[in-house]
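Q:
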Amino acid sequence: METWLLARARAGDLDAFARLIALHDRASRALAYRLLEDPHRMDDALQEAYLKAFRSLHHFEGRSGFGSWLHRIVYNACIDLLRRRRGGGHDIALEEAAEIPDPMPDPGEVAAHRLDLAAALASLPPEMRAAVLLVDAEGMDYRTTADVLGIPIGTVRSRLNRARVLLRRALSEDERGRSGT
Amino acid sequence: MSGDGKHRDGHGATERERDEILGAALRRLEIPEHRQGFHTELRAMLATDVAERKATGVEPLEKPRWHTLRRGPVRHPLRWTLGLSAAAAAVLAVFLVVGDLPGTSPQMASAAEVRAAVVHAWASAENISGDLVIRSERVFGKGTSRWAFTLTSRGEFSLIALPRGADRAYDAGHNVERSLDAESNPGEPVFGNLIKGLAPGLPDSSPSTTILDRSLGSVVRALVASGGGTVKETMYRGRPAWLLGTDIRVNLSAYMPPDHLQVTVDRQTGFPVRVVATRGRTFVWESRIEDLRVNVRLPEDAFRLEFPPGMKVFKTDAGFRRVPLARVPTIVGYQPPVASWVPTGYRLTEVAVSRKGSPTGSEGSNPVTGGVVSLSYRRGLDQFLVTTRLVGGDRSAWGDPLATGEGFRDRPERIRIKGGALDGRTVRLLIDPLAVPHLWTMTEDLVVTVSGDLTRAELIRMASSLR
């Protein structure tokens with residue numbers, strides 16, 4: 185089905201493209217919303233990403249799944265939006281971004297004081313958020329996640345480990361809070 | 038997922054199990070649905086992209102389906118200023134709405150084609166001219182009026198009354214508007230007016246586009262505010278056209294506001310060429326463009342209206358001056374909020390300031406407080422403005438700076454803005470068939486307006502983006 189829709193979309197069939205992205209829209213919304221934390225920005229990023237995807241369909245060679253290819257475009261659109269929101273700083277490559285210390289407060293300190301998983305997730309740097317969402321929520325393997333995020337597998341692993349520690353802590357405190365212990 | 042997955046925590050769960058628990062918890066987190074109109078907007082963006090690719094010959098998709106559209110060379114973006122711009126946006130928006138209706142998928146491609154045609158028209162034209170004919174029973178006075186008009190991408194316009202008498206022209210290069218006043222004797226102008234120092238747009242003293250705006254601009258904005266409608270293919274004056282019929286919300290007016298519009302869009306050029314307004318199937322008024330010409334060569338003095346020798350000419354200075362944005366604070370004493378987001382294609386084209394200010398609001402009843410900054414953004418024919426002015430000593434004296442007045446009654450919507458310089462402020466937003474879409478509010482020191490060819494969502498987002 186996806187292959188057929190892809191072929192139709194490449195031929196300029198907008199209905200087919202709409203159905204194609206609908207297959208991955210929930211996951212895209214999840215990623216974009218958790219990265220941007222604003223439904224309007226989520227929609228803006230997704231419109232931009234879907235338009236880019238449409239423009240680039242003839243470059244998609246099928247070496248990865250369409251979903252992961254689309255996720256990469258969505259992720260990049262979100263990161264671009266975040267960078268613009270942070271004050272219009274100069275553009276840097278995603279690979280370089282992974283090496284730059286994030287100006288946000290220590291996520292551990294923030295998470296330790298919040299009982300809510302969503303809040304703890306929001307306290308993580310976006311790059312770390314994306315890793316845990318793709319792997320743990322969407323079930324992507326490390327290789328695909330590395331491709332989507334444009335980083336080495338080792339970086340995926342390290343971001344994931346750190347994110348999981350913080351989120352598990354938030355999750356357990358959340359449950360403890362609900363159970364009244 | 039990581040490690041051997043066998044390590045157990047204090048509760049006996051393996052690392053893998055804990056990953057799965059975390060994953061399940063993450064999947065349970067709320068994910069918002071798309072905003073209303075998301076798919077319509079996206080579809081329009083995609084259709085435009087297809088049309089532009091075909092127009093420019095860049096990376097064409099295989100077997101594009103947009104074969105019915107006229108294609109021409111894409112020229113530089115327009116910088117038009119008149120209310121006709123709303124016509125494009127509104128017609129476009131209406132067709133988008135049509136495209137969003139359930140069960141109309143066979144029409145969606147057609148609606149997208151119409152949108153692409155309109156977008157292409159506005160994005161490639163450098164000027165438009167023709168005869169504007171208005172036939173009215175009540176709103177514009179009973180009878181038929183006719184003007185020869187020209188609009189350009191520089192914001193210039195001319196309206197030559199036929200027969201001659203009440204002519205008007207705006208020279209954007211010198212920011213001067215000249216007009217002949219025929220008083221009650223059409224055909225015999227008795228004095229002239231020259232106004233310089235105009236603001237780039239509402240709510241301040243700006244080029245007089247009332248006739249064009251009322252006859253076409255406000256109509257199509259009404260279409261934007263309405264929803265649904267039907268699209269038919271037809272012929273208009275021997276040319277293929279689209280015919281859109283749609284109900285519109287009725288303004289609480291003392292006049293006879295229409296409740297239904299029928300708009301004809303020329304398929305070859307994408308321009309709306311005829312509007313018929315009715316109320317309960319009764320004719321109210323009609324406006325149409327005859328002898329439409331696009332991108333014709335214009336004489337150098339096309340917008341310089343000459344006063345007859347010996348005619349008394351009244352000269353006025355509206356007090357606005359174009360300045361670089363960086364100079365604004367030194368002139369008005371504050372840093373004006375500037376949009377950090379604009380809809381695709383818009384750009385800041387004019388910055389004007391006035392130390393003394395100008396009357397605003399219904400019947401000009403607001404305080405004239407000065408320190409006015411008017412930022413004009415343009416996208417082809419479209420224009421919107423962000424203005425700020427000092428509140429002054431009496432906050433309670435302020436009403437809507439863009440109030441329509443003249444018997445029209447507004448029903449503004451109250452919306453709390455999130456983010457930016459207006460964070461937490463409640464704005465009054467008005468999308469009405471007979472008004473320029475706008476919002477306004479007051480901060481501690483400033484009265485802020487955002488108005489022009491923007492949708493409700495764009496107005497709100499624009500207000501949230503002011504920094």
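Chains A and B, in that order, are what the protein sequence lines are. If you count by the working numbering, then the first sequence holds residues 185 to 365, one letter each, in order. If you count by the working numbering, then the second sequence holds residues 38 to 504, one letter each, in order. We put the CB at the ideal spot given by N, CA and C, even for glycine.
#1: Give the interface partners of Y234(A) over in chain B, defined as CB-CB distance under 7 Å, in chain order.
#2: Just the Cα atoms here: how many angstroms apart are L280(B) and A314(B)?
#3: Which residue or residues does DSSP assign as beta-bridge partners of K352(B)?
#4: Whose C-beta lies closer than 8 Å to the C-beta of L241(A) among residues of the same chain, with five residues either side of it excluded?
#5: Would you say D56(B) lies against chain A (beta-carbon separation less than 8 Å)?
#6: How about the stretch 398-408 of chain B and the stretch 462-478 of chain B: do they share at least three Cβ pairs that are nearer than 8 Å?
#7: Run through chain A and tell me which residues come within less than 8 Å of I68(B), C-beta to C-beta.
#8: Go ahead and pull the three-state DSSP assignment for H71(B).
#9: Could you name the residues of the same chain whose beta carbon sits closer than 7 Å to that of D204(B), not counting the 5 residues immediately before and after it, in chain order?
#10: Hey, out of H211(B), G401(B), R72(B) and A376(B), whose CA is closest to F357(B)'s CA?
#11: Taking all protein chains shown into account, do 16 or more other C-beta atoms lie within 10 angstroms of the C-beta of G430(B), making it buried, or fewer, making it exposed?
#12: Can you confirm whether G238(B), when its beta carbon is compared against all beta carbons of chain E, has any partner nearer than 8 Å?
#13: What does D86(B) reach in chain A if we use C-beta pairs closer than 7 Å?
#14: Does the Cβ-Cβ distance between L79(B) and Y259(A) come in under 8 Å?
#15: Would you kindly work out how many angstroms separate the C-alpha atoms of M366(A) and G456(B), rounded to a whole number?
#16: Between which two residues does the beta strand (DSSP E) holding P277(B) run?
#17: Taking 8 Å as the cut-off, does the stretch 345-356 of chain B touch the stretch 310-326 of chain B (at least 3 CB pairs, one atom from each stretch)?
#18: What residues of chain A sit near G60(B), judged by a beta carbon separation below 9 Å?
#19: Taking a contact to mean a Cβ-Cβ separation below 8 Å, would you say L439(B) touches P295(B) in this structure?
#20: Between V300(B), P373(B), A278(B) and I454(B), which lies nearest to L412(B) when the distance is taken from Cα to Cα?
#21: By alpha-carbon positions, which one of R316(B), L188(B), G192(B) and D460(B) ends up nearest to V333(B)?
#22: Since S245(B) and E214(B) should fall inside the 8 Å C-beta cutoff, what is the C-beta to C-beta distance between them, to a whole number of angstroms?
#23: In the DSSP assignment, find the unbroken alpha helix (DSSP H) run with E186(A) in it and report its ends.
#24: For a contact meaning CB atoms closer than 7 Å, what does R498(B) contact in chain A?
#25: List, in order along the chain, the chain B residues whose C-beta lies closer than 7 Å to that of D227(A)?
#26: So, under 8 Å CB-CB, K233(B) and D354(B) are touching, yes? Tell me the CB distance rounded to an integer number of Å.
#27: Given this structure, state the Cα-to-Cα distance separating D303(B) from A347(A), to the nearest angstrom.
#28: What residues from chain B crowd round H306(A), counting only those whose CB sits closer than 7 Å?
#29: Starting from the beta carbon of R64(B), find every residue of chain A whose beta carbon is closer than 7 Å, and list them in chain order.
#30: Quick check on V349(A) - is its C-beta less than 8 Å from some C-beta in chain B?
#31: With distances taken between CB atoms, is the gap from R313(A) to L305(A) smaller than 8 Å?
#32: Would you call R364(B) buried or exposed, if buried means 16 or more other Cβ atoms sit within 10 Å of its Cβ?
#33: Please list, in chain order, all residues of the same chain as H297(B) whose beta carbon is under 6 Å from its beta carbon, the five residues on each side excluded.
#34: With a threshold of 8 Å between beta carbons, is L466(B) in contact with chain A?
#35: Would you list, in sequence order, the uninterrupted alpha helix (DSSP H) runs of no fewer than 4 residues that lie entirely inside the stretch 372-426 of chain B?
#36: My output table needs one value for T77(B): the three-state DSSP class, helix, strand or coil.
A: Walking through what the data contain:
#1: L79
#2: In a straight line, the C-alpha of L280(B) is about 13 Å away from that of A314(B).
#3: L231(B)
#4: L190, A193, R194 and F201
#5: Nearest CB-CB separation between D56(B) and chain A: below the 8 Å threshold.
#6: no
#7: R210, R213, A214 and Y217
#8: coil
#9: L196, I197, A198, S216, L217 and L342
#10: Per the C-alpha coordinates, the member of H211(B), G401(B), R72(B) and A376(B) positioned closest to F357(B) is H211(B).
#11: exposed
#12: In the structure shown, chain E cannot be found, because the protein chains are A and B.
#13: L235, F238 and R239
#14: no
#15: This structure cannot settle anything about residue 366(A), because the visible part of chain A is limited to 185 through 365.
#16: R276 to D284
#17: no
#18: Those within 9 Å of G60(B) in chain A are V316, V319, D320, A321, E322 and G323.
#19: no
#20: P373(B)
#21: L188(B)
#22: The beta-carbon distance between S245(B) and E214(B), rounded to whole angstroms, is 6 Å. This is short enough to meet the 8 Å contact definition.
#23: Start and end: E186 to R194.
#24: Those within 7 Å of R498(B) in chain A are H224.
#25: Neighbours of D227(A) on chain B, chain order: H71, R72 and F75.
#26: 5 Å
#27: 58 Å
#28: Per the sequence shown, residue 306(A) should be read as Ala rather than His. Those within 7 Å of A306(A) in chain B number zero; the least Cβ separation is about 10 Å.
#29: A321
#30: No, no contact with chain B.
#31: yes
#32: exposed
#33: D284 and T315.
#34: no
#35: none
#36: helix
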